[in-house]
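Residue numbers (this note's numbering): 2 to 482.
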Amino acid sequence: MRFEYAPAPESRSVVTLRDSYGLFIGGEFVAGSSVFKTISPATEEVLAEVTHAGPEDVDRAVAAARQAYERVWSVMPGRERGKYLFRIARLLQERARELAVLETMDNGKPIRESRDVDIPLAAAHFFYHAGWADKLGYAGFGPSPRPLGVVGQVIPWNFPLLMLAWKIAPALACGNTVVLKPAETTPLTALVFAEICQQADLPSGVVNIVTGDGSTGQLLVAHPGIDKVAFTGSTAVGKEIARACAVSGKRLTLELGGKAANVVFDDSPVDQAVEGIVNGIFFNQGHVCCAGSRLLVQESIADELLSALKRRMMTLRLGDPMDKNTDIGAINSRPQLDKIQELTASGEAEGAERWSAPCPLPDRGFWFPPTVFTGVSAAHRIAQEEIFGPVLSVLTFRTPAEAIEKANNTPYGLSAGVWTEKGSLILWMASRLRAGVVWANTFNRFDPSSPFGGYKESGFGREGGRHGLEAYLDVTGSADV
Ligand code: TAP
Numbered sequence: 002m003r004f005e006y007a008p009a010p011e012s013r014s015v016v017t018l019r020d021s022y023g024l025f026i027g028g029e030f031v032a033g034s035s036v037f038k039t040i041s042p043a044t045e046e047v048l049a050e051v052t053h054a055g056p057e058d059v060d061r062a063v064a065a066a067r068q069a070y071e072r073v074w075s076v077m078p079g080r081e082r083g084k085y086l087f088r089i090a091r092l093l094q095e096r097a098r099e100l101a102v103l104e105t106m107d108n109g110k111p112i113r114e115s116r117d118v119d120i121p122l123a124a125a126h127f128f129y130h131a132g133w134a135d136k137l138g139y140a141g142f143g144p145s146p147r148p149l150g151v152v153g154q155v156i157p158w159n160f161p162l163l164m165l166a167w168k169i170a171p172a173l174a175c176g177n178t179v180v181l182k183p184a185e186t187t188p189l190t191a192l193v194f195a196e197i198c199q200q201a202d203l204p205s206g207v208v209n210i211v212t213g214d215g216s217t218g219q220l221l222v223a224h225p226g227i228d229k230v231a232f233t234g235s236t237a238v239g240k241e242i243a244r245a246c247a248v249s250g251k252r253l254t255l256e257l258g259g260k261a262a263n264v265v266f267d268d269s270p271v272d273q274a275v276e277g278i279v280n281g282i283f284f285n286q287g288h289v290c291c292a293g294s295r296l297l298v299q300e301s302i303a304d305e306l307l308s309a310l311k312r313r314m315m316t317l318r319l320g321d322p323m324d325k326n327t328d329i330g331a332i333n334s335r336p337q338l339d340k341i342q343e344l345t346a347s348g349e350a351e352g353a354e355r356w357s358a359p360c361p362l363p364d365r366g367f368w369f370p371p372t373v374f375t376g377v378s379a380a381h382r383i384a385q386e387e388i389f390g391p392v393l394s395v396l397t398f399r400t401p402a403e404a405i406e407k408a409n410n411t412p413y414g415l416s417a418g419v420w421t422e423k424g425s426l427i428l429w430m431a432s433r434l435r436a437g438v439v440w441a442n443t444f445n446r447f448d449p450s451s452p453f454g455g456y457k458e459s460g461f462g463r464e465g466g467r468h469g470l471e472a473y474l475d476v477t478g479s480a481d482v
């Protein structure tokens, strides 16, 4: 049954947008070489003008980070660094509503998700890592692990502030300084984060934010003044970066794409599994690296499960992301919408059967309805390639061994889900799935204390937890941190 809801729009008045934003270098907003515009993907209105960092700007940012590293941050006792991280975490909480609204305006994701997931988790990452700053000697890497130096970080547009937190919090806790480049389509919350660094009195140059497109990212990762590169984004760009960093001596971690299998056995509670499948693929419009984009369902319950799934999909509300009732927001950009349309057209052309929830799409902005493909074979592009949109490919299996074979038949290895009442089957599956994260009877659960990362073409290195600290530490030395 479909319930009608009265509109419940969140107010934009909590956000004060500037007309234009500079680069954040050495603790100040400064002008750069040129500018570009960032728009709302839900309305296509221009939100602000943002600075595009060129070679000289990146040089300045790296120099500021180096100076802050040598003079202040690497020599500051861990307990003092921890205080700054706690202060940032508190400020993120205090400005949570403003940040959630801004994230939704710039990214297109539903306000419910930015309010309840992105921003609280970003604050949680700072709280968690604040606690580690003075305890690194007890993290299991020897008594005195050392920071690496200046870290160049490049992040994508799907969880802008959260990905920033995943990158900056551990780097700072370990005593490194950073130059971070947000994605071209979602720079605004990173720039408010720069204001928060000022509010927290973070020493100048410890955090530097350079906005721009892929060319700015290229300049940053190739810069000789960078000691470590941390990248989250597509596998194609990750491979380019790995080539650029080869033989440079830079440390590198890559968090790349995914094509997760969500495996449902015939003893699963169907309604609960349906909620997990919906959360797995339609959360954040499917713009999630670990999205459960391949549903593997046991053949004996396939018809029943698919009927229940389609019934549930008909209740999803697509539209204004600022409305608190909205489930599916806007696709982040025109190029991303084109990519989703091209891949779904290939699914039909290759013989899979498409079903989209019947929902009207707004006239302006970038939109794609929640969609399911059945009759998918493992060779289809929609079973192999990351669509990064609200599109689910359904395959069936008969035995656990077949489920494992199909689940692992992908170049990626980021995440997976298993739905069954049998604990022994969960353990059997989890030990055979080639995925960095395996969720059992749930999906898309995140916690700062839990390491996240991939196998195969999903990258290497872990973010979060004790394992995530190792990526920002030289564990061979003996000086004090
Ligand atoms: P990309 O196109 O790879 O872009 C990611 C970032 O890299 C952006 O800031 C981008 O700048 C920049 N960039 C582009 N070309 C570059 C180059 N040659 N050198 C250095 N930087 C460059 O990915 P996306 O479309 O933004 O994000 C979606 C992808 O991220 C998906 O594949 C998704 O699975 C992956 N992702 C993975 C994870 C984890 S934890 N594994 C988490 C989230 C997302 P512009 O955007 O300004 O072009």
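Even glycine gets a Cβ: it sits at the ideal position worked out from N, Cα and C.
Identify the continuous alpha helix (DSSP H) that holds residue i and give its terminal residues.
i, result
"residue 245", "236-246"
"residue 468", "466-471"
"residue 308", "303-314"
"residue 220", "215-223"
"residue 66", "56-69"
"residue 340", "335-350"
"residue 1", "In this structure the chain extends from 2 to 482, so residue 1 is not present and cannot be described."
"residue 11", "Unbroken run through residue 11: none, as it is neither H nor E."
"residue 231", "Residue 231 -> not in any alpha helix (DSSP H); beta strand (DSSP E) instead, spanning 229-233."
"residue 137", "It is not in any alpha helix (DSSP H) - residue 137 carries neither H nor E in the DSSP assignment."
Run through the DSSP bridge pairs and tell me what residue i is partnered with.
i, result
"residue 171", "Answer is none; residue 171 lacks a bridge partner."
"residue 50", "21 and 38"
"residue 357", "372"
"residue 182", "155"
"residue 420", "265"
"residue 208", "179"
"residue 427", "DSSP output for residue 427 lists no bridge partner at all."
"residue 461", "255"
"residue 434", "The partner list for residue 434 (beta bridge, DSSP) is empty, contrary to what the question assumes."
"residue 74", "Beta-bridge pairing links residue 74 to no other residue."
"residue 324", "10"
"residue 147", "475"
"residue 319", "329"
When burial is assigned at 16 or more other CB atoms within 10 Å of the CB, is residue i buried or exposed?
i, result
"residue 12", "exposed"
"residue 316", "exposed"
"residue 272", "exposed"
"residue 116", "buried"
"residue 349", "exposed"
"residue 58", "buried"
"residue 119", "buried"
"residue 305", "exposed"
"residue 359", "exposed"
"residue 129", "buried"
"residue 499", "The structure shown has nothing for residue 499, since the chain only spans 2 to 482."
"residue 25", "buried"
"residue 482", "Reliability of the predicted coordinates at residue 482 is poor, the pLDDT of 43 falling under 50, and the value obtained from them is presented with this limitation in mind. Buried, because 16 or more other Cβ atoms sit within 10 Å of the Cβ of residue 482."
"residue 464", "buried"
"residue 366", "buried"
"residue 449", "buried"
"residue 384", "buried"
"residue 38", "exposed"
Assuming residue i contacts residue j under a Cβ cut-off of 8 Å, what Cβ separation, rounded to an integer in Å, is found between them?
i, j, result
"residue 47", "residue 99", "Incorrect: roughly 20 Å between the Cβ atoms, too far for contact."
"residue 32", "residue 209", "Between residue 209 and residue 32 the Cβ distance is about 15 Å, and since that is not below 8 Å, they are no contact."
"residue 193", "residue 420", "About 39 Å; that fails the 8 Å criterion."
"residue 458", "residue 413", "5 Å"
"residue 417", "residue 408", "6 Å"
"residue 148", "residue 473", "7 Å"
"residue 484", "residue 153", "Absent from the model: residue 484. The displayed extent of the chain is 2 to 482, so no value can be given."
"residue 167", "residue 108", "With 8 Å as the limit, residue 167 and residue 108 do not qualify as a contact, their Cβ atoms being about 16 Å apart."
"residue 261", "residue 295", "7 Å"
"residue 310", "residue 373", "7 Å"
So is the beta-carbon of residue i under 7 Å away from any non-hydrogen atom of the ligand PLP?
i, result
"residue 157", "Ligands in the displayed structure: the ligand TAP; the ligand PLP is not one of them."
For the beta strand (DSSP E) holding residue i, just list the boundary residues, first then last.
i, result
"residue 299", "295-299"
"residue 410", "First-last for residue 410: undefined, no H or E at that position."
"residue 154", "151-155"
"residue 394", "392-398"
"residue 445", "Element bounds for residue 445: n/a, residue is neither H nor E."
"residue 190", "First-last for residue 190: 189-200, but that is the alpha helix (DSSP H), not the beta strand (DSSP E)."
"residue 279", "Premise fails: residue 279 lies in the alpha helix (DSSP H), 271-283, not in any beta strand (DSSP E)."
"residue 382", "Residue 382 -> not in any beta strand (DSSP E); alpha helix (DSSP H) instead, spanning 382-385."
"residue 30", "29-31"
Please check if any C-beta of chain B sits within less than 8 Å of the C-beta of residue i.
i, result
"residue 475", "Absence of chain B from the displayed structure is noted, only one protein chain being present."
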